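Q: In the working numbering, the protein residues as written are 236 to 571. Glycine included, each C-beta is placed from N, C-alpha and C at the ideal position. Since the structure is predicted, the reported quantities are computational estimates derived from the model, not experimental observations.
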Ligand SMILES: Nc1ncnc2c1ncn2[C@@H]1O[C@H](COP(=O)(O)OP(=O)(O)O)[C@@H](O)[C@H]1O
Ligand SMILES: [Mg+2]
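This is the structure:
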C-alpha cells in the first residue's frame, strides 16, 4: 500500500458521486444520489442515518452485490463500478459483506466447519489452508461448535461464524450492515471488540452501518451522516459528536444521547416536524429543508455543497455553516 506525502496510506476505496436508483413500476427510487468518500486501510467509517436513508444500498453497491446506476468505485486503483458479474467474482476475496441477520445468511443444512471453509474453497484456496479450526479460534468460537448446525448456535455465535467467513480470505474491505442489531445487548460488546481486534490484525478497512449511534461511536474513526441518499455531514467521530454542524445531525444526535447525559437531565431533544420526503422524487436542494427549523428559500435549490468545519475532514452540507447560523440546538436559556 502506497504512503502519500502526508504520511497517510493511500485509500483502498475511492467512491465518487455514487448513485443507485431503483425502478419501482413507472417511478424511480433515488436510494443513493451522489455519495463520495475515501476509505483507507485499517480505517472504519460509520454510516448513520434513519431507516430508508440508503445505508444498506451504499454498502451493497460498494461490494458490488448491486450494480451502481452511476459514479465510480475505485478499489485498489481500479474502477469496479461497471464490472460485469463475471468480473466481480474475483473481487469477492477482497470485498466482503456481513449481514444484519446471521440466521438468514447461513445455509441451515451445513455444519459450521463447512460454513467457515466454504468461502475459502470457492475462492480457490486449498482445503489445507482453509483451516476452519484456526478461523473459529480467531473469532473466539469454541472448537465444539464446528460440528454443529446453525440452529444449534446462539445469535452471537452465528454472527461470529459469519464474521469468520467474511475474514477468511483476508479481505481488504468489509462492509458490516448492522452486524450487532439482531444480537442481545449482552453479546454486542463482545462482537464489537472482536471486530476491532480482527481489524488491528488484518488492517482491513471497515464500513460499519448502524442506526445505533453509541455503537458507531465506539467502533468508527470517521462517520458519514446520511439523509435521503446523500451525505449531509462527515468527519472524525469526535468532531461530529462534539460539534455537529448540520441541523439534521444535531437533531439525530439529540434523540440518541448516551444514557448518562439523559439521566443527568442536561439533555434537550430537538423535535422535528414533517416527514422524510419521498425517495421517489429527486431532490433539487437540501433534502432536509422541509423539516429544518432554520430553512430559508435558498435551501430549496441548488443542492448545497459541503462546507469545511474546523476538524480535519469535518464538513457539512448546510448553507448556514459559513455564517454560523446553522445551530438549531436549544440554548440553556431558551429551554429554562
Ligand atoms: N431493491 C429495491 N427496490 C426498490 N427500492 C429499494 C430497493 N432496495 C432499497 N430500496 C429503497 O431505497 C431506499 C433506501 O433503502 P436502504 O438502502 O435499505 O436504506 P437503509 O439501509 O438506510 O434503511 C428506501 O427508500 C428503500 O425502500
Ligand atoms: Mg439497511
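Rounding to the nearest angstrom, what Cα-Cα distance links residue 317 and residue 564 in this structure?
A: Numbered from 1 along the chain shown, position 82 holds the residue referred to as residue 317. Numbered from 1 along the chain shown, position 329 holds the residue referred to as residue 564. Rounded to whole angstroms, residue 317 to residue 564 spans 43 angstroms at the Cα level.
Q: So, do the stretch 372-392 and the stretch 417-425 have three or more beta carbon pairs nearer to each other than 8 angstroms?
A: Short answer: they touch.
Q: Can you name, in chain order, every residue of its own chain whose Cβ lies under 6 angstroms from the Cβ of residue 497, other than the five neighbours on each side?
A: Along the chain shown, read from residue 1 onward, the residue named residue 497 stands at position 262. Because the pLDDT of residue 497 is 48, which lies under 50, any placement of that residue in the model is unreliable, and the number read from its coordinates should be weighed accordingly. Correct list: empty, nothing qualifies.
Q: Using only the alpha-carbon positions, how far apart do residue 528 and residue 255 sit?
A: Walking along the chain shown from the start, residue 528 turns up at place 293. Walking along the chain shown from the start, residue 255 turns up at place 20. Cα to Cα, the separation comes out at about 29 angstroms.
Q: What is the residue span of the alpha helix (DSSP H) that residue 431 lies within?
A: The residue you call residue 431 lines up with position 196 of the chain shown. 420-437 is the span of the alpha helix (DSSP H), which, as asked, contains residue 431.
Q: Pull the bridge partners of residue 281 from the DSSP assignment, please.
A: Here residue 281 refers to the residue found at position 46 when the chain shown is read from its first residue. Partner(s): 443, 458.
Q: Check each residue's C-beta against every heavy atom of ligand 1 and list, in chain order, those closer than 6 angstroms.
A: Selection output, chain order preserved: 257, 259, 264, 266, 284, 286, 287, 288, 289, 290, 291, 292, 514.
Q: Taking just the CA atoms, how far does residue 355 sit from residue 346?
A: Mapped onto the chain shown, residue 346 falls at position 111. Mapped onto the chain shown, residue 355 falls at position 120. Rounded to the nearest angstrom, the two C-alpha atoms are 15 angstroms apart.
Q: Just reading off the beta strand (DSSP E) that residue 265 is part of, what are its end residues?
A: On the chain shown, position 30 is the one that residue 265 refers to. 262-274 is the span of the beta strand (DSSP E), which, as asked, contains residue 265.
Q: So what's residue 542 in DSSP terms, helix, strand or just coil?
A: Translated into positions along the chain shown, residue 542 becomes position 307. Looking at residue 542 - three-state DSSP - the assignment turns out to be strand.
Q: Does the distance from the C-beta atom of residue 478 to that of residue 544 stay below 8 angstroms?
A: As a position in the chain shown, residue 478 is number 243, starting the count at 1. As a position in the chain shown, residue 544 is number 309, starting the count at 1. Taking 8 angstroms as the Cβ cut-off, residue 478 and residue 544 qualify as a contacting pair.
Q: Give the straight-line distance between the Cα atoms of residue 521 and residue 535, rounded to the nearest whole angstrom.
A: Sequence index remark: in the chain shown, residue 521 carries index 286 (1-based). Sequence index remark: in the chain shown, residue 535 carries index 300 (1-based). Each residue's Cα considered, the two are about 6 angstroms apart.
Q: If you run the structure through DSSP and keep just helix, strand and coil, what is residue 347?
A: Counted from its first residue, the chain shown places residue 347 at position 112. DSSP places residue 347 in helix when its eight states are reduced to three.
Q: Would you give the residue range spanned by the beta strand (DSSP E) that residue 259 belongs to?
A: Counting from one through the chain shown, the residue named residue 259 turns up at place 24. Looking at the DSSP string, the run of the beta strand (DSSP E) that includes residue 259 is 248-259.
Q: Beta-carbon within less than 7 angstroms of residue 523's beta-carbon, same chain only, minus the 5 sequence neighbours each way: which residues are those?
A: In the chain shown, the residue the question calls residue 523 occupies position 288. If we look at residue 523 and ignore the five residues flanking it on each side, its Cβ neighbours are 462, 467, 482, 483.
Q: Give the secondary structure of residue 496 by DSSP, where H, G and I count as helix, E and B as strand, and everything else as coil.
A: The residue labelled residue 496 in the question sits at position 261 within the chain shown. Residue confidence for residue 496 is low, a pLDDT of 48 falling below 50, so the modelled location carries little weight and cannot support an answer.
Q: In chain order, which continuous runs of the beta strand (DSSP E) of length 3 or greater are located wholly inside the stretch 459-485?
A: Correct list: 465-471.
Q: Among 368, 249, 473, 280, which one has its Cα closest to the Cα of residue 306?
A: Within the chain shown, the letter at position 71 stands for residue 306. Among 368, 249, 473, 280, the Cα nearest to that of residue 306 is on 249.
Q: Is the Cβ-Cβ distance between residue 280 and residue 398 less than 8 angstroms?
A: Taking the chain shown and counting its residues from 1, one reaches residue 280 at position 45. Taking the chain shown and counting its residues from 1, one reaches residue 398 at position 163. No, they are not a contact pair.
Q: My output table needs one value for residue 372: the three-state DSSP class, helix, strand or coil.
A: The count along the chain shown starts at 1 and reaches residue 372 at position 137. Of the three classes helix, strand and coil, the one that applies to residue 372 here is helix, per DSSP.
Q: Buried or exposed: residue 494, going by 16 or more other Cβ atoms within 10 Å of its Cβ?
A: For the purposes of this step, residue 494 is taken as residue 259 along the chain shown, with counting starting at 1. For residue 494, the predicted structure reports a pLDDT of 47, less than 50, and the residue's modelled location is therefore unreliable. A value from the coordinates is still provided. When all chains shown are included, residue 494 counts as exposed.
Q: In terms of residue numbering, what span does the beta strand (DSSP E) encompassing residue 309 cover?
A: Taking the first residue of the chain shown as position 1, residue 309 is located at position 74. 305-310 is the extent of the beta strand (DSSP E) around residue 309.
Q: Spell out the partners DSSP gives residue 550 in its beta bridges.
A: Numbered from 1 along the chain shown, position 315 holds the residue referred to as residue 550. According to DSSP, residue 550 bridges with 469, 543.
Q: Pull up the CB-CB distance for residue 288 and residue 464, whole angstroms please, since I reckon it's below 8 angstroms.
A: Looking up residue 288 in the chain shown gives position 53. Looking up residue 464 in the chain shown gives position 229. Indeed they touch by this definition, with Cβ atoms about 7 angstroms apart.
Q: Alpha carbons only, please: which of 457, 409, 455, 459 is nearest the one belonging to residue 310?
A: As a first step, residue 310 must be located in the chain shown, where it is residue number 75. The residue with the shortest Cα to Cα distance from residue 310 is 409.
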